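Protein chains in written order, with the numbering used here: chain A, 9 to 122; chain B, 834 to 945.
Written out as structure tokens, the structure reads:
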């Protein structure tokens, strides 16, 4: 399968701990996006990369959140000092430079903060 | 700012029947794209159909078609010959640049 992959699929952590998620986009997709989806809601945009450059960040992305894409391939999303309100599904998507509006999503990482 | 509104939280349809899901949006951009995504229970988001705003012709993909009314900022999805596998959350989404703005979703249940 050459789709977008995300690891881990599930993460349970205690409040105050740090967590890191990984996303591997479809190969040759130069754009990579992070979204957050809470239960029963539509996804909300967090940030996106074009190659290794982080070009846009939502105001939802507080100081505790940081995302990287160091070599323009996979990306990581880290949440520091997790809070219960961080519990959500974190979705990654990627798109090709020629059809950048068409985003393909990964299966997501479900985070539960106890 | 862009907004997408789906006014039907839940819908149901009998297998083999036709159902229409509603979506309205707002954007100040002239060039944008509209999408319908399907998210089956505990499974990942799948692109169902896309529509470029500059195209007047409504997009179709097999059993899925849209009714795009640009002046009214309306973008509904019609599913013909509904199948049990169509049971899912359906999200309408708008892209006028770099990110997708999603509606709140419509939960569709296809009944046998």
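Glycine included, every Cβ here is placed at the ideal spot set by N, Cα and C. Quick caveat: nothing in here was measured; it's all calculated off a predicted structure.
Three-state secondary structure assigned by DSSP to residue 71 of chain A: The answer is coil: DSSP assigns residue 71 of chain A none of H, G, I, E or B.
Contact set for residue 851 of chain B: own chain, Cβ-Cβ below 8 Å, skip 5 residues either direction: Excluding sequence neighbours, residue 851 of chain B sits near 911, 912, 913, 914 and 915.
DSSP beta-bridge partners of residue 900 of chain B: Looking at the DSSP assignment, residue 900 of chain B forms a beta bridge with B:909.
Contact check, residue 929 of chain B vs residue 865 of chain B, beta carbons under 8 Å: Taking 8 Å as the Cβ cut-off, residue 929 of chain B and residue 865 of chain B qualify as a contacting pair.
C-beta contact flag for residue 98 of chain A and residue 39 of chain A at 8 Å: No. Outside cutoff.
Under 7 Å from the C-beta of residue 111 of chain A: neighbouring residues of chain B: Simply 933.
Outcome for residue 44 of chain A when other beta-carbon atoms lying within 10 angstroms are tallied against a minimum of 16: Under this definition residue 44 of chain A is a buried residue.
C-alpha gap between residue 861 of chain B and residue 22 of chain A, whole angstroms: So the two alpha carbons sit approximately 42 Å from each other.
Rounded separation between residue 26 of chain A and residue 12 of chain A - CA only: Approximately 24 Å, taken between the alpha carbons.
Residue burial classification, residue 67 of chain A (beta-carbon count within 10 angstroms, cutoff 16): Counting Cβ neighbours within 10 Å, residue 67 of chain A comes out exposed, since fewer than 16 surround it.
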